[in-house]
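Asks:
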Amino acid sequence: MRVMLALLVTSAALAGCATASAPPAAEQASLSVPYTTPVSPQLQALIDLPQHRLGVLGAAQATTGWVRTACANASYTPLPGAAVWVEPQFNADGAPVSGLWRESVIATGCGTTRILNAATFVSGPNVAHTMPVAPGTTRAKLALQMDSKTYVMAALQAAAPGCATAYLDNTAAVSAQPKSFGLYGAATGAPWVENWTLKGCAVPATVQITFTPDATGTEITAHAL
Numbered sequence: 066m067r068v069m070l071a072l073l074v075t076s077a078a079l080a081g082c083a084t085a086s087a088p089p090a091a092e093q094a095s096l097s098v099p100y101t102t103p104v105s106p107q108l109q110a111l112i113d114l115p116q117h118r119l120g121v122l123g124a125a126q127a128t129t130g131w132v133r134t135a136c137a138n139a140s141y142t143p144l145p146g147a148a149v150w151v152e153p154q155f156n157a158d159g160a161p162v163s164g165l166w167r168e169s170v171i172a173t174g175c176g177t178t179r180i181l182n183a184a185t186f187v188s189g190p191n192v193a194h195t196m197p198v199a200p201g202t203t204r205a206k207l208a209l210q211m212d213s214k215t216y217v218m219a220a221l222q223a224a225a226p227g228c229a230t231a232y233l234d235n236t237a238a239v240s241a242q243p244k245s246f247g248l249y250g251a252a253t254g255a256p257w258v259e260n261w262t263l264k265g266c267a268v269p270a271t272v273q274i275t276f277t278p279d280a281t282g283t284e285i286t287a288h289a290l
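Per my numbering, residue 66 is the first one in the sequence shown, and the count goes up by one each step.
1) Hey, is the region 147 to 162 in contact with the region 104 to 117, meaning 3+ C-beta pairs nearer than 8 Å?
2) Cutting at 6 Å between CB atoms, please list the residues of its own chain near N235, excluding the five before and the five after it.
3) Enumerated in chain order, which unbroken segments of the beta strand (DSSP E) with a length of 3 residues or greater are wholly contained in the region 184 to 260?
4) How big is the Cα-Cα spacing for Q109 and T173?
5) Apart from the five residues just before and just after T49, which ones in its own chain have a Cβ nearer than 6 Å to its Cβ?
6) Kindly indicate which three-state DSSP category R118 falls into: helix, strand or coil?
7) Work out the CA separation of Q210 and T203 for me, nearest whole Å.
8) With distances taken Cα to Cα, identify the nearest neighbour of T101 among A280, W131, S169 and A220.
9) Between the Cα of L165 and those of G176, A231, P99 and V187, spot the shortest distance and give me the residue it belongs to.
10) Return the chain-ordered list of same chain residues with a C-beta closer than 6 Å to the C-beta of C136, the five sequence neighbours on each side being excluded.
11) What residue from Y232, T177 and G227 has the CA that sits closest to K214's CA?
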């Protein structure tokens with residue numbers, strides 16, 4: 066995976082940077098919700114288990130940006146479907162032995178609505194780990210999310226020099242998602258653009274990321290808006 070950081074530190078540089086144009090209405094509607102992929106009947110049965118749903122909810126509620134809202138009276142609505150990042154495999158007994166996927170929950174309360182995401186990683190027979198991942202409508206898989214955070218925080222210094230307490234509050238896809246997704250996080254197809262919002266400093270800051278798939282992985286460029 067290749068990563069490139071673009072830091073725009075002056076207003077003149079920012080003025081010269083192209084931003085994503087508004088997508089058509091139908092595409093814009095699709096960008097307002099998390100993307101999903103086909104889910105096998107075996108995986109759907111696992112997703113529907115009450116104990117799994119509780120694990121997803123707990124992980125979603127642990128998302129840093131949502132925890133900071135300190136909203137005690139929120140309601141949570143699971144969104145249908147999932148994004149399969151690594152196709153789950155099942156043994157002869159029907160137990161999952163590997164796989165990685167993302168599910169989403171709508172959190173509403175305290176005057177705000179947020180999409181919270183949780184990823185489940187299966188490391189062995191019936192051994193699953195569910196954890197919070199980037200909130201919002203990011204199209205980046207887990208590997209890209211982890212790489213992106215480092216460069217987003219660096220790009221943030223252009224907007225808020227010296228800020229060391231920022232945290233990821235939300236993400237928003239602002240251009241079309243890739244045509245298809247590779248196995249471990251690299252996407253194939255056209256580049257796409259996202260805005261990642263950070264809080265924790267004097268003022269909220271937004272960093273725009275462009276993901277460009279190529280033959281060697283996905284190139285990331287980031288700059289503060």
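All residues carry an ideal CB built from backbone N, CA and C; glycine is no exception.
Replies: In short:
1) yes
2) P200, G201 and T262
3) 192 to 198 and 232 to 238
4) 25 Å
5) Shown here, the chain extends from 66 to 290; a query on residue 49 therefore has no answer.
6) helix
7) 9 Å
8) S169
9) V187
10) G174 and C175
11) Y232
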